[in-house]
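Engineer: Protein chains in written order, with this note's numbering: chain A, 339 to 502; chain X, 845 to 947; chain R, 3 to 689; chain F, 29 to 419. A virtual CB, placed ideally from N, CA and C, is assigned to each residue, including glycine. Remember, predicted model here, so these are calculated numbers, not experimental data. Please read through the structure below; I'll follow up with questions.
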Amino acid sequence: MLFKIFAVLTVAGAVAAMSFRNLVHAVLALIVSFAGLAAVYLLLGAQFIGLAQILVYVGAVAILIVFAILLTRDSGITSQSTTSSSWRGSIVVVLGVFGVLAWSVGHSAVYQQATSLPQGTSMQEIGNVLMQRFALPLEVIGVLLTVALIGAVTIAIYEKKETR
Amino acid sequence: MTPLANCLLLSALLFSIGLAGALMRRNAILVLIGIELMLNAANLNFIAFWRYGPNPEALTGLMFVIFSIGVAAAEAAVGLALIIAIYRHTKTTNIDQVNSMRG
Amino acid sequence: MTWIVRNLWLIPTLPALAAGLGSVAKQRNRRLAASLAIGSMGLSLLLSLGAFAHVLSLKGNGETAREVVNFPWLQYGGEWVKLGWMLDPLTALMLVMVCFVGLLIFIYSTGYMSHDENFTRFFCFLSLFAGAMLGVVIANSLLLLFMCWELVGLTSYLLIGFWYEKPAAAAAAKKAFLTTRIGDLAFLLGMVWLYSQSGTLLFYDHGAGCIENAALAHLVAQATGIGLAASTGIALLIFAGAVGKSGQVPLHVWLPDAMEGPTPVSALIHAATMVAAGVFLVARVYPLMSVGAGVGPMSSTTALQVVTWVGAVTAVFAALIAVAQDDIKRILAYSTISQLGYMMIGLGVGGVAVGMFHLITHAFFKALLFLGAGSVIHGCHEEQDIRRMGGLKRFMPITFATYAVGMLALCGFPLFFSGFWSKDAILDAAQAWSVSRVPFYLGCVGALLTAFYMTRQVYYVFFGESRLRIHHEHQASPHESPVVMTMPLSVLAVFAVLLGIIGTPAWPWFSSFLNGETATLDAGRFFESGILRVMLISSVIVFTGLGMGWWFYGRRPIVSATAPDELERLQPHIFRVLRNKFYVDEFYKATFIRFTIWLSRVSDWFDRWIWNGAVWSVSHVVLGLSWVARAADIYVVNPGFDRGCESVEAGGKLFSRLQDGRAQDYLRYVGLAFAGLVVLLIWSGVR
Amino acid sequence: MGESADQFFVNLLHRLVSHVPAGLGGVVSALASVVAILAVFASLFAITTVLERKGLGRIQNRYGPNRVGPFGLLQPLADGIKSLTKEDVVPHAADMAVHFLAPLLLVIAAFSLYAVLPVGRNMVLANLDAGVLFFFAVSSVMEIAIFMAGWSSRNKYSLLGAMRAIAQMISYEVPLILASVTVVMAAGSLSTVSIVEKQAGYSGILPHWFVFTPWGFAGFVLFMIAAVAESNRSPFDLPEGESEIVAGYYTEYSGFKFALFFLGEYIGLFAISGLGITLFLGGWAAPLSFLTWIPSYVWFFAKLLALIAFFIWVRGTLPRLRMDQLMNFAWKFMLPMALLNLVTTGVWRFLEHGALRWFVCSLLVVIPYVLLSRSLKRGWRLEKRVYRFAE
């Protein structure tokens, strides 16, 4: 029941985010969708992931996008059509993708088996696994984020010579 | 429908919506948003399979999502920086007009 | 497994490290390079002494005390190639000897090379050599030994050719490298064979090593096509490597030429250590050599007989040549060769102890002689021709004294000099050899000749009038060398005398040390089994040699540099033969080298006429064909291809539409492809 | 006496739950707790407003509000009635929905922060396994609310204020979280309840609060600075700097929405102070071992009031920073300091008890502090004041 509610919320938010003309509204809808997804995670017992989802996506990514919007000054409603020139073909592609996905979900083996739900995992286990088995990936991610930070700054930095 | 199938359907839906946005919107930022949605769909799949998979104790799916969230953050940062840079050079975020790589 | 054994690898590593640092040092900071080399060598010496003390502490019981450390090096297929190092009396002795002599020679070099502008490079090479040599010594794996062996050869090449601007030096370096390579090839073959037979190259591996009883028994059992046991074949191949390295006949030709290198190099590499490496190798694989021998101390095997004969021949051969040489260093070089021959005899007839004892003593006094020669050369402004020296006794007394000590030790002057005891042990073993007495006689002849030519040399160099060529006016008269050069001389001289004590028949500490027994002092041994006789014989021989030398060169002081040699006046033909080293080089030139040249000529001719002609004709046929083809091209093919190209171009234009530079379109293709893939998967039944 | 008084409210809740049918028990208890939280902290907000105005008045050498009721204690009531009855003006160009949603989102987020704050022994609404994480996740929602407010008003002052606020909050969220992570490391748990229990012990009469360790002290200072910045209060009140941008993101808000914003601000302030208490000041634990007979919630609120007084004092004392100073301070001092503090905590964790540990960790805290503050001061020179004009 709860799952259905949040699922509907998520999908509605996503649809809205993809269809609003106004970018900021789109972002707000996106936030709703993210929040719904986080709720779904919590329902699935992934507490850490759910909270991390809110912290990262709502707290960081959404804000980032907002900044980008305001920096590119496109927040106002654009007069010309918001859809790209070749949207008809896109619809076909999208429908095709969704079709195959849904079909495969419907007909896959996992559809029949219904496993019992184990209890949600504790922070302790996550911490242990993260520090022992997945220590290396963790560090790699750290490096990646650092590089991304530097790279983003270098890309977006406002070159002086342009202003002169 | 089993809960797993529900989750998978939801993620499929999310993915398709994100794809639609990425394909049909002409604003680069919205394209990026679509991509973020697709990533989230993938995350949802991981979580679902971790939860209802054969052995949830391994936490593999969970870890995968943690890392993919990290990657998504990096991706968003770089992507938006790129968009800003593009905007600064060709005063637009309409990616229909950003096609200087055409063959 | 004490600390010293576990960290034995430090001993070769330190000089190697010094070499590495020296290689990056600037050319001008010579002090750094020298201190690096000497310091590392000193540390290695300390460690070696520690190792020596360790061995001393744990010996006494019957069998040889031996500790090994093995580690897997690399894996291919299912099996590990293992390397390792070992510490046993042999190793300990060699370690101390190499480090000690090396250290002294390093110190000496700081004086000798002080004017050279490539000082830094020199010390880099020297320390590299020291590291490699020590590696050879401690290696517990034939493979590791071989690596270090090759490294030693390389450094020897580098150092002989150190003054590469001198064409003679460059040529000598090349010659040394190639000649030793012949031996090394055989060595490699033997090693491979050994590996194929025993499956390991470790010497000692707690019973599993390749020269331990299990493997040896297997090797003896194996018989090759020509009837001799595999062990013999392998032993002979390995011995060929030793022959190459320590300049035995017929591969001795490189050693005299190697004297083109700086004198310290000659002292360190071509007298004390590297050339001894061959002997050391034979001693190391002695079990392999001696396996299959019947019972009894003096029974011998094929391998050992070969060793003995080669050694005997070399000893006399080289001594004969040495008699007629004029270059101070060449004389010493030939004497080195003959002494190495002696060591081989010792190994062949008397076992490890005898040979190694001579090796150690020889290392000291021959290094002493070479350094003395270097000092002389230094003093005489790079003059090397003994006929142009003379009367140096006055100018450089220390050099003279030490040189005399070295010379007497080399001749084996009775009782007071180490050379006497070591050589005496060899002769003693030789005359007791069961197979044949000939090596004994040859050895005696060699001893005689040794005494003779050394006397000759000393008379030429130090007595009589100074015949030094005066190049220009303000050239100083010969002068004594600085203390940094004379100090090592003195130290070496002391050892050249004292070392004899540890190997007298009365107190055979040396052999018992190697065999792991405790030596006891017993003067009665002198009177056993003709030892006294041999001692008398050799003493007589020595005195005869000295006497002859005095008779020929001492009675009347040599006055002019151009006057013919006394012997030459007596026997011009023989002397010419000797002076020209039995025409060995010419022989090689006339046979091998000419054959090679002829072969190259032949192949060249083939190239020119047979193959070239064939190619030429073929090419012309092809040319003819190509004319036809060209015509066909122009009138038939091209138009068709033009059409084709145009259509392809059109197609390209068509497809280039796909790449319209819009990310979204690309993404669309991706999506389509994805959908298609999933459909395909489902359709092909992948669940 | 102590035990029963301590658990008074808990028992009350249990009795209440025992009367309702079993199925609804959880819901009812949750509702009751929520209502209690709302009531308590709303009234605390009311008290705080008057306290702040009076305190500031004293600092600025004037009487605060002293007309309504005895000593003006009923002032907040009057304010509430006023703001309820005022006309709610919405700019014509404003984005209605967003403009309306912003204050609600802010207040909801602010109140939901309390779900994980243990205000007393066994007195926490949701003992989440990842309580601290929850706190930060929800507090990051407040930024969105502020942005909505600033953007939807279609007013450049509002937008500027919102941007300032977001930039500032993001910048100071980093040291805030890092400072808290030290405690998480030391306690080995993300759950607020267990963190407080870790600090509840005593050695002699002294408590095991984390603030009484080198890294804990540094962390607490960092935390408080960041908390002031997070709640957009002076000296970090650039977002609503009246003198520069009229009132920042709530320029265009009036009447009850404005009141909601005000409420949200203060509730957020209380919440973050509560977190600071929970992490560093031992939560509801008594400061001295012989004072444990006093109920735990009393201690919690005592500490809370102390911190509020501190905030008021700071606000009355310090002048407002400039934007670049703010950012420099965040990135060049707070962030490195917090990172080093993290390292210090690790060292503390793995050294054995004793004086050595104290010595090393104190050095690890003090030396970076000195160096960083000197480097931050570089370029400051005291000289005749120059006026810069915005161009």
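Please list the partners that valine 443 (chain A) has in chain R, where partner means a Cβ-to-Cβ separation under 8 Å.
Structural biologist: Simply none; closest approach about 11 Å.
Engineer: Methionine 1 (chain R) lies in the beta strand (DSSP E); which residues open and close that run?
Structural biologist: One cannot answer for residue 1 (chain R) here, as it falls past the ends of chain R, which runs 3 to 689.
Engineer: Take proline 74 (chain R) and list the residues in its own chain whose beta-carbon comes closer than 6 Å to its own, dropping the five residues that flank it on each side.
Structural biologist: Trp82 and Lys84, listed in sequence order.
Engineer: Examine the Cβ distances between the stretch 43-63 of chain R and the stretch 92-106 of chain R and report whether three or more of them are shorter than 8 Å.
Structural biologist: Counting Cβ pairs under 8 Å, three or more are found: they touch.
Engineer: Just how far apart, CA to CA, sit methionine 712 (chain R) and leucine 334 (chain R)?
Structural biologist: The displayed coordinates of chain R run from 3 to 689. Any statement about residue 712 (chain R) would go beyond what the structure contains.
Engineer: So which of R:Phe131, R:Ser420 and R:Ala210 has the shortest CA-CA distance to proline 266 (chain R)?
Structural biologist: The residue with the shortest Cα to Cα distance from proline 266 (chain R) is R:Phe131.
Engineer: Measuring only between beta-carbons, confirm whether leucine 674 (chain R) sits less than 7 Å from chain A.
Structural biologist: For leucine 674 (chain R), the answer is yes, since a Cβ of chain A falls inside 7 Å of its Cβ.
Engineer: In three-state DSSP terms, what is leucine 89 (chain R)?
Structural biologist: Correct three-state label for leucine 89 (chain R): strand.
Engineer: My output table needs one value for tryptophan 165 (chain R): the three-state DSSP class, helix, strand or coil.
Structural biologist: The answer is helix: DSSP assigns tryptophan 165 (chain R) an H, G or I state.
Engineer: Does the Cβ of glutamate 648 (chain R) have 16 or more other Cβ atoms within 10 Å, making it buried, or fewer, making it exposed?
Structural biologist: By the neighbour-count rule (16 or more Cβ atoms within 10 Å), glutamate 648 (chain R) is not buried but exposed.
Engineer: Using only the alpha-carbon positions, how far apart do tyrosine 637 (chain R) and isoleucine 493 (chain A) sit?
Structural biologist: Roughly 58 Å between the two C-alpha positions.
Engineer: Tell me which residues share the same chain as glycine 343 (chain R) and place their Cβ nearer than 6 Å to its Cβ, disregarding the 5 neighbours each side in the sequence.
Structural biologist: Closer than 6 Å at Cβ, skipping near neighbours: Gly313, Thr316 and Ala317.
Engineer: Where leucine 394 (chain R) and glycine 466 (chain R) are concerned, what is the direct C-alpha to C-alpha distance, given to the nearest angstrom?
Structural biologist: Computed Cα separation, rounded: 8 Å.
Engineer: Helix, strand or coil for methionine 151 (chain F), going by three-state DSSP, please let me know.
Structural biologist: Strand, per DSSP.
Engineer: Determine the extent of the alpha helix (DSSP H) in which threonine 522 (chain R) is found, giving its start and end residues.
Structural biologist: Run containing threonine 522 (chain R): none; DSSP gives neither H nor E here.
Engineer: Return the CA-CA distance between valine 38 (chain F) and serine 32 (chain F), expressed in angstroms with no decimal places.
Structural biologist: Cα to Cα, valine 38 (chain F) sits roughly 10 Å from serine 32 (chain F).
Engineer: If you count every other CB in all the chains shown that lies within 10 Å of the CB of histidine 254 (chain R), and 16 or more means buried, which is it?
Structural biologist: Result: buried.
Engineer: What does the alpha-carbon distance come out to for the pair isoleucine 2 (chain R) and methionine 487 (chain R)?
Structural biologist: For chain R, the structure presents residues 3 to 689; residue 2 (chain R) sits outside this window and is missing.
Engineer: Which class does valine 297 (chain R) belong to by DSSP, given the choice of helix, strand or coil?
Structural biologist: Caution is warranted here: a pLDDT of 44 is assigned to valine 297 (chain R), below 50, making its placement in the model unreliable, and no coordinate value can be reported.
Engineer: Is aspartate 567 (chain R) helix, strand or coil by DSSP?
Structural biologist: DSSP places aspartate 567 (chain R) in coil when its eight states are reduced to three.
Engineer: Three-state secondary structure (DSSP) at arginine 603 (chain R)?
Structural biologist: It is helical.
Engineer: Counting Cβ pairs, one atom from each stretch, are 3 or more of them under 8 Å apart for the stretch 301-316 of chain F and the stretch 251-260 of chain F?
Structural biologist: Yes: at least three Cβ pairs fall under 8 Å.
Engineer: Rounding to the nearest angstrom, what Cα-Cα distance links phenylalanine 328 (chain F) and alanine 334 (chain F) in this structure?
Structural biologist: Cα to Cα, phenylalanine 328 (chain F) sits roughly 10 Å from alanine 334 (chain F).
Engineer: Please name the residue, chosen from A:Val431, A:Arg471 and A:Glu463, that lies closest to phenylalanine 859 (chain X) on a Cα-to-Cα basis.
Structural biologist: Taking only the C-alpha atoms, the option nearest phenylalanine 859 (chain X) is A:Val431.
Engineer: Assuming the contact rule is C-beta atoms closer than 8 Å, leucine 886 (chain X) and glycine 878 (chain X) should be a hit. Round their C-beta distance to whole Å, please.
Structural biologist: Strictly speaking, residue 886 (chain X) in this sequence is alanine, with leucine absent from that position. About 13 Å; that fails the 8 Å criterion.
Engineer: Rank F:Ser217, F:Gly310, F:Val135 and F:Met170 by C-alpha distance to the C-alpha of leucine 156 (chain F) and give the top, closest one.
Structural biologist: Ranking F:Ser217, F:Gly310, F:Val135 and F:Met170 by Cα distance to leucine 156 (chain F) puts F:Ser217 first.
Engineer: Within 7 Å of any Cβ in chain R, is that where the Cβ of serine 357 (chain A) sits?
Structural biologist: No, serine 357 (chain A) does not count as interfacial toward chain R.
Engineer: Among F:Ala137, F:Ala143, F:Ala106 and F:Leu134, which has the Cα closest to the Cα of leucine 59 (chain F)?
Structural biologist: The candidate whose alpha carbon is nearest that of leucine 59 (chain F) is F:Ala143.
Engineer: For glycine 383 (chain A), would you say it is in contact with chain R, using Cβ-to-Cβ distances shorter than 7 Å as the test?
Structural biologist: Closer than 7 Å: no.
Engineer: Using C-beta distances below 6 Å, list every residue in its chain close to leucine 380 (chain A), excluding the 5 sequence neighbours before and after it, in chain order.
Structural biologist: Counting only Cβ-Cβ distances below 6 Å, and skipping sequence neighbours, we find Gly388.
Engineer: Pick from R:Ser198, R:Trp195, R:Asn31 and R:Leu196: whose alpha carbon is nearest that of glutamate 119 (chain R)?
Structural biologist: Taking only the C-alpha atoms, the option nearest glutamate 119 (chain R) is R:Asn31.
Engineer: So, does the CB of methionine 461 (chain A) fall closer than 7 Å to a CB anywhere in chain F?
Structural biologist: Yes, methionine 461 (chain A) lies at the interface with chain F (some Cβ there is under 7 Å from its Cβ).
Engineer: Does chain X have any CB closer than 7 Å to the CB of arginine 670 (chain R)?
Structural biologist: Chain X contact via Cβ: present.
Engineer: Quick one: which chain C residues come within Cβ less than 8 Å of aspartate 667 (chain R)?
Structural biologist: The chain inventory of the structure shown lacks chain C, comprising the protein chains A, X, R and F.
Engineer: Where does the unbroken alpha helix (DSSP H) through isoleucine 140 (chain R) begin, and where does it stop?
Structural biologist: 121-140 is the extent of the alpha helix (DSSP H) around isoleucine 140 (chain R).
Engineer: When DSSP labels each residue in this structure, what does aspartate 265 (chain F) get in the three-state scheme?
Structural biologist: Coil at aspartate 265 (chain F), not helix or strand.
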